[in-house]
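Sequence positions in the sequence shown follow the UniProt record's numbering and run 1 to 65.
For every residue, glycine included, the Cβ atom is placed at its ideal position computed from N, Cα and C.
Please read these numbers as outputs of a predicted model, since none were measured by experiment.
Notes to accompany the following structure.
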Amino acid sequence: MSSNPEFIQIDDEIINIPANQSIPITLYFRNIMSKPISVEVLIFIHNVESGQQEETLSLQISYVK
1 MSSNPEFIQI DDEIINIPAN QSIPITLYFR NIMSKPISVE VLIFIHNVES GQQEETLSLQ
61 ISYVK
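Structure representation (structure tokens):
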């Protein structure tokens, strides 16, 4: 889940990642800005089985002309 879906969209809302593994995840960066701007977007990683938030990734995105 993204804190700012108007700037970034995740390909699938639910992704199964086995313990101690990694997989590629597609992120779509929307270019909706008409002027240069910098925004922070948080990506929240939840454990579906426990319902607990496990990780938060912070992305600093800069849109430039």
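So, helix, strand or coil for residue i, using DSSP?
i, result
"Q52", "coil"
"I25", "coil"
"F7", "coil"
"E40", "strand"
"I14", "coil"
"I61", "strand"
"S2", "strand"
Keeping to the same chain, check which residues put their C-beta closer than 6 angstroms to that of residue i; ignore five residues upstream and five downstream.
i, result
"I45", "E54, E55"
"T26", "D11"
What are the residues that DSSP puts in a beta bridge with residue i?
i, result
"I45", "E55"
Comparing the C-beta of residue i with each C-beta of chain C, is any distance below 8 angstroms?
i, result
"Q60", "Reference to chain C is not applicable here, since this structure consists of a single protein chain."
Just to confirm my understanding: we take residue i, look at its own chain, exclude 5 residues before and 5 after, and list those with CB closer than 7 angstroms. What are they?
i, result
"Y63", "N31, M33, P36, I37"
"K65", "P36"
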